[in-house]
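A.B. asks: Note that my numbering has the sequence shown beginning at 1471, numbered continuously upward.
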Amino acid sequence: MKKLTFILTILITVFVANARQLKDRALKLLNSPTNEIVFCTRPLANCHLMYATFGNYADEYNVEIYPKGGSTIKALNLKTGKVHTILEDKTGSFRDIRVSYDGKKILFAWRKKNSVYHLYEMNADGSNVVQLTDGEHDDFDATYLPDGSFVFSSARCRRFTPCNRVRTAIMYKMQADRKTIYPLSSNVLLEDRPTVLPDGRILYTRWDYVDRATENFRDLWTMNPDGTGQMVAFGGHPIPYPKFFAECDAMPIPNSDKIVCVFSPAFGYRENAGKVMIINLKDGQFGGTEKMISPKYIEDKLGWSIGNGGKRCLIGLRDPYPLAENCHFVAQNKSIFVLDDNGNMEKIYEDSEIVHDPRALRPRPKEPVIASKIDITKTTGQFIVTDVYQSRNMKGIERGTIKKLLIMEDLPKNASRHGWRGEHGGHISLHRILGEVPVEPDGSAYFEVPALRAVFFVALDKNGKAVKRMQNFTQVMPNEIQSCVGCHENRSTSSIIAKGKSTMAVRRAPSIPKKIDGVPEVYRFLRDIQPILDKHCLKCHNHDNPTAKVILSDEWTEWRTVSYDRLYEFKQISRATPWREFGNRGSYEFGTGASPLMQKIDGSHNGVKLSQKEYDILRCWIESSAHYTGTYATHNNFENQVGAKFAIHKGVNIGDGNKKTAFNSFRKPQLAEPMESVAKRRCYSCHENMYKLGRLRFEQENNTWEKSVPPDFMNNPNYSLTLFNLTNPDNSLFLRAPLAKEDGGYNWCKDKQGNEVSVFESKEDPDYKLVRAEIEKTIERQNKYKRIEMPDYQPKQYYIHWMKFFGILPKNHNDNSKVNFYDLDEQYWRSLWWIPNTIQYDNAVKNISQQ
1471 MKKLTFILTI LITVFVANAR QLKDRALKLL NSPTNEIVFC TRPLANCHLM
1521 YATFGNYADE YNVEIYPKGG STIKALNLKT GKVHTILEDK TGSFRDIRVS
1571 YDGKKILFAW RKKNSVYHLY EMNADGSNVV QLTDGEHDDF DATYLPDGSF
1621 VFSSARCRRF TPCNRVRTAI MYKMQADRKT IYPLSSNVLL EDRPTVLPDG
1671 RILYTRWDYV DRATENFRDL WTMNPDGTGQ MVAFGGHPIP YPKFFAECDA
1721 MPIPNSDKIV CVFSPAFGYR ENAGKVMIIN LKDGQFGGTE KMISPKYIED
1771 KLGWSIGNGG KRCLIGLRDP YPLAENCHFV AQNKSIFVLD DNGNMEKIYE
1821 DSEIVHDPRA LRPRPKEPVI ASKIDITKTT GQFIVTDVYQ SRNMKGIERG
1871 TIKKLLIMED LPKNASRHGW RGEHGGHISL HRILGEVPVE PDGSAYFEVP
1921 ALRAVFFVAL DKNGKAVKRM QNFTQVMPNE IQSCVGCHEN RSTSSIIAKG
1971 KSTMAVRRAP SIPKKIDGVP EVYRFLRDIQ PILDKHCLKC HNHDNPTAKV
2021 ILSDEWTEWR TVSYDRLYEF KQISRATPWR EFGNRGSYEF GTGASPLMQK
2071 IDGSHNGVKL SQKEYDILRC WIESSAHYTG TYATHNNFEN QVGAKFAIHK
2121 GVNIGDGNKK TAFNSFRKPQ LAEPMESVAK RRCYSCHENM YKLGRLRFEQ
2171 ENNTWEKSVP PDFMNNPNYS LTLFNLTNPD NSLFLRAPLA KEDGGYNWCK
2221 DKQGNEVSVF ESKEDPDYKL VRAEIEKTIE RQNKYKRIEM PDYQPKQYYI
2271 HWMKFFGILP KNHNDNSKVN FYDLDEQYWR SLWWIPNTIQ YDNAVKNISQ
2321 Q
């Protein structure tokens, strides 16, 4: 025992000695004439989500997310331990401290009271504070580039996070003239924390989810300083719950091929708090030699949680600043530490407020300047695909199978409410059909697309069915020519062009995406798809003749139509689900290639054969994620719910206890009264619970939390979406399926022995009448509050507010006057298109931007 105690004492003594050496090591590596590091202090923002750090909520547009309580920029003398305040704002906030190459200036974002974040620069002593950007939108996360310009993250992209109700930001560039600003990205989601790699490229964190899981893909990407050559550097591959992390706050380690970054649990805790890792980017996007350097106890205490992790964000490490591979400054809660590469930490400072962004105040060498390849007088760029068959996870496809590429665009969101993210029907964001381009016999393609638009591609066979699908976006800058090998190919694979060979496609002019006859750019189900179903399907699949229990009428359910919801309930359409779609599907495993509905329209299903125009309309609808509304102007009409708890207050839907979510997965799901009592008395002896009361959509089958995996319909009704008919209550499956045939029912119910039973003998059954009366009450509510299918439907006030704020409606627009929201959406999307040589004066800032 004494021997063990002696050994432990030695180990502790060595550990403490090593820790005490960290400050000395950092001071030596700092090699600064002032021995100082700079940092800022500020409280957490007023939202629990990592991406909600600025702006206002979409639906509660008077509620600010910004931190409250004041902020400072300070300098710590590492040698003496003395601290002095460089700049203070008792009502505003500072963020994103960066030091210039000569070590004499500090670049930062500053939000003054009742304003937004703008970029500022000052001398390191706090003198000569100069405002660099202005306007109505937040600018932050700026970093110096070696040619005197800046790259930064900005909300001037005018969009909201598709899966929630907060503003988002993407990469912009300010030229060295300190006046000209233009976008580097078209992402509909979030990009932040840019830094410069030793070769001059920009390393940053990008979050995107085009028809795939919403949380798994917040990874490290690179681009050239002009926005060209965007490519994943690390991540982008599926990692299951609860093991994936967001890679954030990355910085290159001096005199090394490696970078340091934070792995923040799920898609990130608040302020990107997490464990600190070292990554060698030469390993490629899938890594292999990455190493955790933060203490194991921090990883254990952090745990893993989607959303935010609560107060655990104060446990995690943040903002690593590398001096060497074995010496880093890191922030944790209100303290700054020195961290080595073996999990040892030494505290060097503690403040009374949360600290952020410790940075060495010292000169540093400039990276090489990469010459710009863009031409801002152009409106397009080009893609070269050298061989679509040279692809990951695409076995068994013979050459010549792929004939075309379908080009689509992911559309940004102009307004949003909290809750059911996919209320517009398909996946979280709407898509635009741009057209098709040919694929040559050798598998090559060469085509032109609009610049600065978030595009993605689908490889099609001779019948227009999807062979392979892209499930993230790409883009080109004006006049950029971007090449790739194939579909999701290994990034280290060399193309045949790189090997000095030529493809068939590049021997001709680039193709222009060809519009498809009759196919709309943005789909609306009732306008574009329902007429096809009425013509070819309804005679066999109507309420009085529900062949195979399939009903394809245009009568309304709580959310959409019987036809739309029934197609999903019978799993006729293959598309992404919000939480469990990891992308990189195999051949014919997604979209039209995996949708059974496509097998029922070629004449083999009871002679149903669509015209070529109808066929193209239907297949492109499925490829564009099979949306319903075709607009972002409607979201979460909880007024229309019959079967879940609801409450209505001042035109805003709220739930039990004044919570925003009217039906959420954190409570035990149940139907609203009186349906729940009726179901218990008449149905649950066979059906057991609400989940088995009717058919469910595919994603609804994942209806509970399991091993940290959220339900796919989190915060939303998990019962069958065709239980209640809000056009004709007597056609509600809750009523008609168990009703005796003699009184117009289907008599679909059977007892446990398989014998037909009539739960409701007639429409005079008291429970039948009770439920029917509740459906009638819902119809009265929907007539009052309206829904998208009604000619007199108008968006709620929050939508009008943001259309005015984004400049689509005039500031003096009468909020009570009617608007064509489909036209407003289109005007909004077009306002973001790149227009060359367009000068926008944003107060004092000359801004070449998306008009």
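By construction, the Cβ of each residue, glycine as well, lies at the ideal position given by its N, Cα and C atoms.
Could I get the ranges of all uninterrupted beta strand (DSSP E) runs contained in the region 1788-1817, with 3 residues as the minimum, in chain order?
C.D. replies: Correct list: 1788-1794, 1797-1802, 1805-1809.
A.B. asks: Closest by CA to Phe-2275, which one among Met-1721, Asn-1532, Gln-1852?
C.D. replies: When each option's Cα is compared against that of Phe-2275, the closest is Asn-1532.
A.B. asks: Could you compute how far the alpha carbon of Gly-1670 sits from the alpha carbon of Asp-1727?
C.D. replies: When rounded, the distance between both Cα atoms is 13 angstroms.
A.B. asks: Is Gly-1934 a contact residue of the ligand MN, with contact defined as CB to any heavy atom under 7 angstroms?
C.D. replies: Among the ligands in the structure shown, none appear at all, so the ligand MN cannot be discussed.
A.B. asks: By Cβ distance, which residues of its chain are closer than 6 angstroms to Glu-1760, with the 5 residues on each side in sequence left out?
C.D. replies: Excluding residues within five positions, the ones whose Cβ falls inside 6 angstroms are Met-1747, Ile-1749.
A.B. asks: Which same chain residues, not among the five before or five after Pro-1722, have their C-beta less than 6 angstroms away from its C-beta?
C.D. replies: Closer than 6 angstroms at the Cβ level, and outside the excluded window around Pro-1722, lie Leu-1667, Pro-1668, Ile-1729.
A.B. asks: For Phe-1943, which three-state DSSP category applies?
C.D. replies: Correct three-state label for Phe-1943: coil.
A.B. asks: If you check the beta carbons only, do Phe-1941 and Gly-2053 fall under 8 angstroms apart?
C.D. replies: For the sequence presented, residue 1941 should be read as Gln rather than Phe. Against a cut-off of 8 angstroms, the Cβ pair of Gly-2053 and Gln-1941 comes out as a contact.
A.B. asks: So, with DSSP's three-state summary, where would you put Leu-1659?
C.D. replies: In this structure, Leu-1659 counts as coil in the three-state DSSP scheme.
A.B. asks: Return the Cβ separation of Val-2241 and Leu-2205 in integer angstroms, given the expectation that the two are a contact with Cβ distance under 8 angstroms.
C.D. replies: The pair is a contact, with the Cβ atoms about 6 angstroms apart (cut-off 8 angstroms).
A.B. asks: Please state the DSSP three-state secondary structure of Tyr-2238.
C.D. replies: Correct three-state label for Tyr-2238: helix.
A.B. asks: Are the region 1983-1993 and the region 1906-1925 touching, with three or more C-beta to C-beta distances below 8 angstroms?
C.D. replies: A contact exists between the region 1983-1993 and the region 1906-1925.
A.B. asks: Can you tell me where the alpha helix (DSSP H) holding Phe-1608 begins and where it ends?
C.D. replies: The residue you asked about is not Phe; residue 1608 is Asp in the sequence shown. First-last for Asp-1608: undefined, no H or E at that position.
A.B. asks: Evaluate the contact criterion for the region 1505-1515 versus the region 1557-1572: three or more CB pairs, one atom per stretch, below 8 angstroms.
C.D. replies: The region 1505-1515, when compared against the region 1557-1572, does touch it at the 8 angstroms Cβ threshold.
A.B. asks: Counting only the same chain and skipping the five closest in sequence on each side, list residues whose C-beta sits under 6 angstroms from that of Ser-2228.
C.D. replies: Cβ neighbours of Ser-2228 beyond the five flanking positions: Ala-2210, Asn-2217.
A.B. asks: Please report the Cβ distance between Glu-2028 and Leu-2196, rounded to the nearest whole angstrom; I am assuming they are in contact, meaning their Cβ atoms lie under 8 angstroms.
C.D. replies: Indeed, because the Cβ distance is near 6 angstroms, the residues count as touching under 8 angstroms.
A.B. asks: Helix, strand or coil: how does DSSP classify Ile-1652 here?
C.D. replies: Residue 1652 is actually Tyr in this sequence, not Ile. In this structure, Tyr-1652 counts as strand in the three-state DSSP scheme.
A.B. asks: At what residue ranges does the region 2005-2068 contain a whole run of the alpha helix (DSSP H), taking only runs of 4 or more?
C.D. replies: Counting whole runs of 4 or more residues, the region 2005-2068 contains the alpha helix (DSSP H) stretches 2032-2039.
A.B. asks: Which of the three DSSP states, helix, strand or coil, is assigned to Asp-1689?
C.D. replies: Strand, per DSSP.
A.B. asks: Give the range of the beta strand (DSSP E) segment to which His-1554 is assigned.
C.D. replies: Residues 1553-1559.
A.B. asks: Rounded to a whole number of angstroms, what is the C-alpha to C-alpha distance between His-1607 and Lys-1538?
C.D. replies: His-1607 and Lys-1538: Cα-Cα distance of roughly 18 angstroms.
A.B. asks: In terms of residues, what are the limits of the beta strand (DSSP E) holding Glu-1879?
C.D. replies: Glu-1879 -> beta strand (DSSP E) spans 1874-1880.
A.B. asks: For a test of the three-state rule: what should DSSP assign to Arg-1682, helix, strand or coil?
C.D. replies: Coil.
A.B. asks: Where does Ile-2249 sit, in a helix, a strand or coil, going by DSSP?
C.D. replies: DSSP places Ile-2249 in helix when its eight states are reduced to three.
A.B. asks: So does the region 1854-1872 actually touch the region 1608-1620, counting three or more Cβ pairs closer than 8 angstroms?
C.D. replies: Not touching, per the Cβ criterion.
A.B. asks: Give the secondary structure of Ser-1563 by DSSP, where H, G and I count as helix, E and B as strand, and everything else as coil.
C.D. replies: Note: Ser-1563 maps to strand in three-state DSSP.
A.B. asks: Between the beta-carbon of Phe-1738 and the beta-carbon of Arg-1688, is there less than 8 angstroms?
C.D. replies: In the sequence as displayed, the identity of residue 1738 is Gly instead of Phe. Yes; because the gap between Cβ atoms is below 8 angstroms, this pair is in contact.
A.B. asks: Note down the Cα distance separating Cys-1517 from Tyr-1536, rounded to an integer number of angstroms.
C.D. replies: Approximately 8 angstroms between the Cα atoms of the pair.
A.B. asks: Measure the beta-carbon distance from Tyr-2098 to Phe-1995 and round it to whole angstroms, keeping in mind my assumption that it falls under 8 angstroms.
C.D. replies: The Cβ separation is near 5 angstroms, so the contact holds.
A.B. asks: Going by C-alpha to C-alpha distance, which of Pro-1653, Glu-1530, Ala-1915 sits closest to Arg-1923?
C.D. replies: Checked all of Pro-1653, Glu-1530, Ala-1915; the closest Cα to Arg-1923 is Pro-1653.
A.B. asks: Looking only at its chain, what residues have a beta carbon closer than 6 angstroms to the beta carbon of Ser-2301, apart from the 5 residues adjacent to it on each side?
C.D. replies: Excluding sequence neighbours, Ser-2301 sits near nothing in its chain.
A.B. asks: Is Val-2322 helix, strand or coil when you go by DSSP?
C.D. replies: Here the chain comprises residues numbered 1471 to 2321, so residue 2322 is not present and cannot be evaluated.
A.B. asks: Comparing alpha-carbon positions, which option in Asp-1912, Ile-1785, Leu-1881 lies nearest His-1897?
C.D. replies: Checked all of Asp-1912, Ile-1785, Leu-1881; the closest Cα to His-1897 is Leu-1881.
A.B. asks: Let me know if Asp-2262 comes out buried or exposed under the rule of 16 or more other beta-carbons within 10 Å of its beta-carbon.
C.D. replies: Classification for Asp-2262: exposed.
A.B. asks: When the Cα atoms are used, what is the spatial distance from Trp-2303 to Lys-1883?
C.D. replies: Those two C-alpha atoms are separated by around 14 angstroms.
A.B. asks: For Ile-1576, write down the residues that DSSP places opposite it in a beta bridge.
C.D. replies: Answer is Val-1569, Met-1592, bridged to Ile-1576.
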